[in-house]
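Participant: Mind the numbering: the sequence shown is residues 1 to 108 in the working numbering, read in order. One structure coming up, written as structure tokens, with questions to follow.
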Amino acid sequence: MAQIARVRNFQSCLDGTGICDQSQLTEDQKQQAEEANHYNNLENCLEGMGDCNRALLGSEGQQEVAQETHNRELRQCLDGSDACDPSQLSGAEQRDVAVISHGKKPTN
């Protein structure tokens, strides 16, 4: 019974769901849980999920998230989404979005 509880606890720590009792983990399990939580946070940030804590990201992760956030914003604008915020786009991107939204092909 105790073994099953430890396994469930470890899984909760890895998933970041439920109650995680770190005191019940081995040092190796603590390391695995920390790595899993870092990865899950990065994925949430990259996907624009609410469970993103950018403060926990290193500079490389923050740059990656910023680029993906920008790409997501550009896709929303190109798709004509109401969630589009053109102020987040460069001038060239704003022009491209304007051309596409009016059904015209850009001229060079």
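Backbone N, C-alpha and C fix where the C-beta goes; we use that ideal spot for every residue, glycine too.
Counting only the same chain and skipping the five closest in sequence on each side, list residues whose C-beta sits under 6 Å from that of Asn53.
Facilitator: Counting from 1 along the sequence shown, the entry for residue 53 is found at position 53. Contacts found: Asn41.
Participant: Thinking just about the alpha-carbon of each residue, which of Ile100, Asp85, Leu46 and Gln32 is nearest to the one in Arg63?
Facilitator: On the sequence shown, position 63 is the one that residue 63 refers to. Checking the displayed sequence, the identity of residue 63 turns out to be Gln instead of Arg. Nearest option by C-alpha distance: Leu46.
Participant: Could you give the uninterrupted runs of the beta strand (DSSP E) lying entirely in the stretch 63 to 94, keeping only those of 3 residues or more?
Facilitator: For the stretch 63 to 94, not a single whole beta strand (DSSP E) run of length 3 or above is found.
Participant: With Cys13 as the anchor, note down where its alpha helix (DSSP H) starts and where it stops.
Facilitator: Start at 1 with the first residue of the sequence shown, and residue 13 comes out as number 13. Taken as a continuous stretch (DSSP letters only), the alpha helix (DSSP H) holding Cys13 covers Ala2 to Asp15.
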